[in-house]
Amino acid sequence: MPNTDTAQRTELARTGALVLSAQGGTTTVEATTEQAERLREAGYTLHKQSNVRTELARPEAEPAAVPSFPPEDSGYHTYREMVSEVDKAATDHTDVVARSSAGTSAEGRDIPAVKISDNAAKDETEPEVLFTCNQHAREHLTAEMCLHVVQRFTDDYGSDPTVTDMVDNREIWVVPMANPDGIVHDVATGQYRGWRRNRGQQPTDLNRNWGHQWGCCDGSSGDPTSPTYRGSAPFSAPETSAIRDFTNSRVIDGAQQITAHIDFHTFSELVLWPYGYTTSDSAPGMTRQEYERFARVGKEMAATNGYTPQQSSDLYVTDGSVNDWMWAEHDVLSFTFEMYPGSGGIQGFYPPDEVIERETARNDAAVDILLREAGA
Numbered sequence: 000m001p002n003t004d005t006a007q008r009t010e011l012a013r014t015g016a017l018v019l020s021a022q023g024g025t026t027t028v029e030a031t032t033e034q035a036e037r038l039r040e041a042g043y044t045l046h047k048q049s050n051v052r053t054e055l056a057r058p059e060a061e062p063a064a065v066p067s068f069p070p071e072d073s074g075y076h077t078y079r080e081m082v083s084e085v086d087k088a089a090t091d092h093t094d095v096v097a098r099s100s101a102g103t104s105a106e107g108r109d110i111p112a113v114k115i116s117d118n119a120a121k122d123e124t125e126p127e128v129l130f131t132c133n134q135h136a137r138e139h140l141t142a143e144m145c146l147h148v149v150q151r152f153t154d155d156y157g158s159d160p161t162v163t164d165m166v167d168n169r170e171i172w173v174v175p176m177a178n179p180d181g182i183v184h185d186v187a188t189g190q191y192r193g194w195r196r197n198r199g200q201q202p203t204d205l206n207r208n209w210g211h212q213w214g215c216c217d218g219s220s221g222d223p224t225s226p227t228y229r230g231s232a233p234f235s236a237p238e239t240s241a242i243r244d245f246t247n248s249r250v251i252d253g254a255q256q257i258t259a260h261i262d263f264h265t266f267s268e269l270v271l272w273p274y275g276y277t278t279s280d281s282a283p284g285m286t287r288q289e290y291e292r293f294a295r296v297g298k299e300m301a302a303t304n305g306y307t308p309q310q311s312s313d314l315y316v317t318d319g320s321v322n323d324w325m326w327a328e329h330d331v332l333s334f335t336f337e338m339y340p341g342s343g344g345i346q347g348f349y350p351p352d353e354v355i356e357r358e359t360a361r362n363d364a365a366v367d368i369l370l371r372e373a374g375a
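Take 0 as the starting number for the sequence shown in numbering that gives the first Met the number 0 and just add one per residue.
Rendered as structure tokens:
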């Protein structure tokens, strides 16, 4: 459909449709037949976009013996391969890596967490930074981003001065796959299913299930069939409650040790900051000075990777997001990165594996900026 403004995109989201991107004079949405009809009744002109890269697996398609990516995208890591990579990093770099668990998914899968620091086995009084990936199942490039962070800050320790300085003076936490069940389901047939949510009894959009302003502002859906279904209650999804509990566990002697955070998503090439639930720059819990710090750091990071920096609600209003909760609950400088590509339809979630190395390394300088800011 033609491009829209923030208010219109928020109105689109109220129908239960999911706004995928709004760039280049076009707004792309994901909608069911019923949602599309409501959009037409509201006066929007829709043009169906074919999936030029890959057809989604049929809902009735049988799972493969071992869930895996299509052969042409074998460079992506499955859940099992991610676990192996994390375990290997802990074995190969015992001095700087401690492998733990953030919790367990709805279907009982472990949610690995990796700590990287010069004394990883000790809890030192250093600023902590958290990187989370793959809250939304089909956003597989984000897991590669988190694995790239692990690889870079372990393999390059001792040889790269920037990496060495950060590992020596920060505690870096990485959660590569926050939604393991959804990820496994998305590639279970050897084709892509376009799956976004978790795999609980009521599949939930994890990034609408966080506790701050949950369900407040038409920025999520109460319809269990919607891709933005917020769940039955805040933290009703075991995956969000697990990462919440992990974050809360980093409060030591009354002080939150995690001072900065990036939650990686795809796509649209954006750097986003709170709040998402309101278009106000300085809503309750955020002063003008604090907002300006978010904007400054966001713009500095975006200047290195070519993304567009903006407040989250400039795209459209969302409620129950991780960034809003991290800031409101713990004063964590929390950002969302929407990675490559800059625009597209469903195929935008499935870029070819040839781009993995380029698009993950593209964020190295931005990651370094946040790590430095964490100690400010």
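Ideal Cβ positions, reconstructed from N, Cα and C, are used throughout, including at glycine. Just so you know, these numbers come straight off a predicted model, no measurement behind them.
**Report entry** Residues that Gly-102 bridges to, as DSSP identifies them
**Finding:** Ile-110
Query - Inter-residue Cα distance where the pair is Pro-379 and Pro-340 - result: Outside the shown range of the chain, which is 0 to 375, sits residue 379, and nothing can be said about it.
Requested in this report: Let me know the secondary structure DSSP gives Glu-123 once reduced to three states.
Outcome: coil
Query raised in the report: Who are the near neighbours of Phe-378 in its chain, counting only those whose CB is closer than 6 Å to its CB and skipping five residues on each side?
Result: Residue 378 is absent from the structure shown; the chain starts at 0 and stops at 375.
Query raised in the report: Within the chosen definition, does the stretch 129-141 reach the stretch 192-202 through at least 3 CB pairs nearer than 8 Å?
Result: Contact holds: three or more Cβ-Cβ distances are below 8 Å.
Query raised in the report: What's the gap between the Cα of Met-144 and the Cα of Arg-371?
Result: Distance between the alpha carbons of Met-144 and Arg-371 is about 19 Å.
Report task. Along the alpha helix (DSSP H) that carries Val-95, what are the first and last residues, could you check? Result -> For Val-95, no alpha helix (DSSP H) run applies, since DSSP gives it neither H nor E.
Query - Tyr-306 in three-state terms, based on DSSP - result: Here DSSP, grouped into helix, strand and coil, assigns Tyr-306 to coil.
Query raised in the report: Buried or exposed: where does Val-250 fall if 16 or more other Cβ atoms within 10 Å of its Cβ makes it buried?
Result: Under this definition Val-250 is an exposed residue.
Query - Same chain, Cβ closer than 7 Å to Val-51, neighbours up to 5 away in sequence not counted - result: Confidence is the limiting factor: at Val-51 the pLDDT is only 43, short of 50, which leaves the residue's position unreliable and the question unanswerable from this model.
Query raised in the report: What separation, rounded to the nearest whole angstrom, lies between the Cα atoms of Val-162 and Arg-207?
Result: 34 Å
**Report entry** Cβ neighbour criterion (16 or more within 10 Å) applied to Leu-45
**Finding:** exposed
Query raised in the report: Going along the chain, which residues of its own chain have a beta-carbon closer than 6 Å to the beta-carbon of Pro-175, five neighbours each way excluded?
Result: Answer for Pro-175: Met-81, Cys-132, Ala-142, Cys-145 and Leu-146, listed in chain order.
Query raised in the report: Since Gly-344 and Thr-27 are thought to touch, with beta carbons under 8 Å apart, how far apart are those beta carbons, to the nearest angstrom?
Result: Rounded, the Cβ-Cβ distance is 5 Å, consistent with contact.
Report task. Determine the DSSP secondary structure at Trp-272, reduced to helix, strand or coil. Result -> It is a strand residue.
**Report entry** Expected contact under 8 Å - CB spacing of Thr-227 and Ser-235 to nearest Å
**Finding:** No, Thr-227 and Ser-235 are not in contact; Cβ-Cβ is about 14 Å, not under 8 Å.
Requested in this report: Could you tell me the distance, in whole angstroms, from the CA atom of Met-0 to the CA atom of Val-18?
Outcome: For Met-0, the predicted model reports a pLDDT of 49, less than 50, meaning its position is unreliable and no value from the coordinates is stated.
Query raised in the report: Ordered along the chain, which non-local residues of its own chain (more than five positions away) have a Cβ less than 6 Å from that of Gln-48?
Result: Gly-344
**Report entry** Integer Cβ distance of Val-95 from Ser-116, believed to fall under 8 Å
**Finding:** Rounded to whole angstroms, the Cβ separation of Val-95 and Ser-116 is 6 Å, and the two are in contact under 8 Å.
Query raised in the report: Between Ala-259 and Gln-200, what straight-line distance do the alpha-carbon atoms span, to the nearest angstrom?
Result: 33 Å
Query raised in the report: To which residues of the same chain is Ala-88 closer than 6 Å at the C-beta, ignoring the five residues directly before and after it?
Result: Val-96, Val-149 and Thr-153
Query raised in the report: So, are the CB atoms of Trp-272 and Asn-322 less than 8 Å apart?
Result: yes
Query - Cα-Cα separation, Gly-319 to Asp-217 - result: For Gly-319 and Asp-217, the distance between alpha carbons rounds to 11 Å.
Query - Alpha-carbon spacing of Asp-280 relative to Ala-21, whole angstroms - result: Straight-line Cα distance between these residues: approximately 21 Å.
Report task. Using only alpha-carbon positions, find the residue among Gln-256, Thr-286 and Trp-324 that is nearest to Thr-124. Result -> Taking the Cα of Thr-124 as reference, the smallest distance to any Cα among Gln-256, Thr-286 and Trp-324 is reached at Gln-256.
Query raised in the report: What's the call for Glu-40, buried or exposed, on a 16-neighbour Cβ count within 10 Å?
Result: exposed
Query raised in the report: Between which two residues does the beta strand (DSSP E) containing Ile-257 stretch?
Result: Looking at the DSSP string, the run of the beta strand (DSSP E) that includes Ile-257 is 257-265.
Requested in this report: Give me the Cα-Cα distance between Thr-203 and Gly-210, rounded to the nearest whole angstrom.
Outcome: 14 Å
Query raised in the report: Three or more beta-carbon pairs under 8 Å between the stretch 292-302 and the stretch 328-336, yes or no?
Result: yes
Query - Where Ala-254 sits in the DSSP three-state scheme - result: strand
Query - Cβ neighbours of Ser-73 in the same chain (closer than 8 Å, five flanking residues each side left out) - result: Ser-67 and Asp-352
Report task. Taking only runs that begin and end inside the stretch 176-250, name each unbroken alpha helix (DSSP H) of 4 or more residues, in chain order. Result -> 179-185 and 237-248
**Report entry** Residue from Pro-223, Gln-7, Thr-265 and Arg-287 with nearest C-alpha to Thr-25
**Finding:** Gln-7
**Report entry** Those residues which DSSP pairs with Ser-333 across a bridge
**Finding:** His-260
Query raised in the report: Hey, how far is the Cα of Asp-363 from the Cα of Thr-77?
Result: 23 Å
Query raised in the report: Among Glu-328, Val-354 and His-264, which one has its Cα closest to the Cα of Gln-212?
Result: Glu-328
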